[in-house]
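Residue numbers for the sequence shown follow the working numbering, beginning at 568 and rising by one. Quick reminder that beta carbons are idealized off the backbone N, C-alpha and C, glycines included. Bear in mind that the values here come from a model prediction, so they are computed numbers and not experimental data.
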Amino acid sequence: MKLGMSSYSLFQAMHKGEMDILDVLDWVKEIGGEHLELVPMGYDFIETPELIGQVKEKAASLGLDLSNYAIGANFICDTDEKFEQEIERVKQHVDICHQLGVKFMRHDIANREANERTLDQFTKDLPKLVEACQRIADYAKDKGIVTSIENHGFYVQASDRVQAIVHQVNRENFRTTLDIGNFLCYDENPLTAVKNNLPIASVVHLKDFYYRQDKVNRFGGWFNTHFGNQLRGAIVGHGDLPMPEIIELIRESDFNGYVTIEFEGVEECRFGAKASFDYARNLLFS
Numbered sequence: 568m569k570l571g572m573s574s575y576s577l578f579q580a581m582h583k584g585e586m587d588i589l590d591v592l593d594w595v596k597e598i599g600g601e602h603l604e605l606v607p608m609g610y611d612f613i614e615t616p617e618l619i620g621q622v623k624e625k626a627a628s629l630g631l632d633l634s635n636y637a638i639g640a641n642f643i644c645d646t647d648e649k650f651e652q653e654i655e656r657v658k659q660h661v662d663i664c665h666q667l668g669v670k671f672m673r674h675d676i677a678n679r680e681a682n683e684r685t686l687d688q689f690t691k692d693l694p695k696l697v698e699a700c701q702r703i704a705d706y707a708k709d710k711g712i713v714t715s716i717e718n719h720g721f722y723v724q725a726s727d728r729v730q731a732i733v734h735q736v737n738r739e740n741f742r743t744t745l746d747i748g749n750f751l752c753y754d755e756n757p758l759t760a761v762k763n764n765l766p767i768a769s770v771v772h773l774k775d776f777y778y779r780q781d782k783v784n785r786f787g788g789w790f791n792t793h794f795g796n797q798l799r800g801a802i803v804g805h806g807d808l809p810m811p812e813i814i815e816l817i818r819e820s821d822f823n824g825y826v827t828i829e830f831e832g833v834e835e836c837r838f839g840a841k842a843s844f845d846y847a848r849n850l851l852f853s
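#1: Do the region 592-605 and the region 621-630 meet, that is, are 3 or more Cβ pairs less than 8 Å apart?
#2: Where does ILE598 sit, in a helix, a strand or coil, going by DSSP?
#3: When the Cα of PHE750 is compared with those of GLU655, ASN740, LYS762, PHE741, which residue comes out closest?
#4: So LEU850 packs on ILE814, CB below 8 Å; how close in whole Å?
#5: Name, in chain order, the residues that DSSP records as bridge partners for GLY571.
#6: Could you spell out the range, first to last residue, of the alpha helix (DSSP H) harbouring ALA759?
#7: Going by beta carbon distance, what residues of the same chain come within less than 7 Å of VAL582, once the five residues before and after it are set aside?
#8: Identify whether GLU819 lies in helix, strand or coil by the three-state DSSP scheme.
#9: Helix, strand or coil for GLU717 per DSSP?
#10: Could you check where the alpha helix (DSSP H) with THR743 kicks off and where it finishes?
#11: Is ALA637 closer than 8 Å to CYS836 when the C-beta atoms are compared?
#12: Spatial neighbours of LEU816 within its chain, please: CB distance less than 7 Å, with the 5 preceding and 5 following residues excluded, ordered by chain position.
#13: Considering only the beta carbon of each residue, do GLY788 and VAL826 sit closer than 8 Å?
#14: If you follow the beta strand (DSSP E) that SER634 is in, where does it begin and where does it stop?
#15: Quick one: what does DSSP say VAL723 is sitting in, helix, strand or coil?
#16: So, under 8 Å CB-CB, VAL661 and ALA707 are touching, yes? Tell me the CB distance rounded to an integer number of Å.
#17: Nearest to HIS805 by alpha carbon, out of GLY748, ARG785, TYR753, ASP781?
#18: Identify which residue in GLN701, PHE721, LEU592 has its Cα closest to the Cα of ARG679.
#19: Please classify ALA725 as buried or exposed, where buried requires at least 16 other C-beta atoms within 10 Å of its C-beta.
#20: Is it the case that the Cβ atoms of GLY795 and PHE776 are separated by a distance below 8 Å?
#21: At which residues does the beta strand (DSSP E) containing ASP775 begin and terminate?
#22: Taking GLU606 and SER573 to be in contact with their CB atoms under 8 Å, please state how far apart those CB atoms are, rounded to whole angstroms.
#23: Just curious, the alpha helix (DSSP H) that MET581 is in, first and last residue?
#24: Under 8 Å, do VAL736 and PHE671 count as touching if we go by C-beta distance?
#25: Find the nearest neighbour of GLY526 within the set GLY620, PRO694, PHE650, THR744, judged by alpha-carbon distance.
#26: In whole angstroms, give me the CA-to-CA distance for ALA842 and LYS774.
#27: Pick out whichever of GLU648, LEU633, ASP675 has its Cα sitting closest to the Cα of GLN666.
#28: I need the boundaries of the alpha helix (DSSP H) containing LEU667, first residue and last residue.
#29: Identify whether GLY800 lies in helix, strand or coil by the three-state DSSP scheme.
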């Protein structure tokens with residue numbers, strides 16, 4: 568396994584103009600990271616295509632892998648024309664992923680309002696979601712890229728829904744980016760969910776949350792789960808996930824790929840991301 572960082576963890580500093588993506592690469596190398604996941608927030612490879620070569624060259628000079636390329640997408644579309652446009656937009660990012668030399672790519676697939684996230688609606692949407700994932704995976708195959716969906720965005724967050732899509736897509740180069748914390752957004756037990764989905768994981772995200780099941784309104788970074796409980800991002804190891812047990816599951820599994828810190832707490836991002844990284848490194852490799 569290789570432990571690294573998602574650029575999303577440093578979005579706070581990039582948004583403030585304190586770092587750019589090249590600075591992030593330097594910083595990850597400095598703290599001992601082995602790879603960087605690219606999430607184009609705070610930078611844009613389409614608007615600034617020259618950045619593709621700069622990032623690839625910088626990573627190579629530092630000896631850092633570019634591990635995963637992660638974008639948003641939504642294939643719940645009003646018309647067939649919009650559906651085709653979204654597929655073509657995601658394919659454009661597959662091309663960028665290929666130019667960067669990245670072998671793993673995560674794309675989202677669906678958003679729905681809370682009252683539309685039922686199993687019945689998911690069953691109705693499933694054929695179109697499977698079609699979109701198949702077409703993108705097929706496009707990425709000749710480029711040597713493994714595509715994936717993440718347990719992300721509430722609608723396709725539970726482990727069984729992710730499994731349903733992965734199994735129905737039925738492509739060797741289509742799997743899941745497994746985020747150990749995001750299952751809590753749908754109030755699913757993270758330890759059980761990780762056990763369920765580790766066998767189909769291409770990349771693993773390490774994330775932590777504070778989780779509260781009372782109905783007291785909180786402020787300052789808290790948000791509601793699907794079932795009305797409350798979450799706030801935490802430094803990995805500081806929150807309420809059973810982190811030692813989850814990391815032991817990863818260690819004991821057949822997974823041998825990229826493990827990525829995704830910090831989204833309210834603490835200063837470099838402090839929070841490095842504390843998360845140090846905690847994970849101690850448990851993964853001690």
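Here's the rundown:
#1: yes
#2: helix
#3: LYS762
#4: 5 Å
#5: THR827
#6: Position check: residue 759 holds Thr in this sequence, whereas Ala was assumed. Counting along the chain, the alpha helix (DSSP H) containing THR759 begins and ends at 757-764.
#7: The residue you asked about is not Val; residue 582 is His in the sequence shown. The answer, listed in chain order, is GLY609.
#8: helix
#9: strand
#10: Looking at the DSSP string, THR743 is not in any alpha helix (DSSP H); the run it does join, the beta strand (DSSP E), is 741-746.
#11: no
#12: VAL761, LYS762, LEU765
#13: no
#14: 632-638
#15: strand
#16: 5 Å
#17: GLY748
#18: PHE721
#19: buried
#20: no
#21: 775-779
#22: The sequence as given places Val at residue 606; Glu does not occur at that position. Their Cβ separation, rounded to whole angstroms, is 6 Å, which keeps VAL606 and SER573 in contact under 8 Å.
#23: 578-582
#24: no
#25: Because the chain is modelled from 568 through 853, residue 526 falls outside the range shown and cannot be assessed.
#26: 12 Å
#27: LEU633
#28: 647-667
#29: strand
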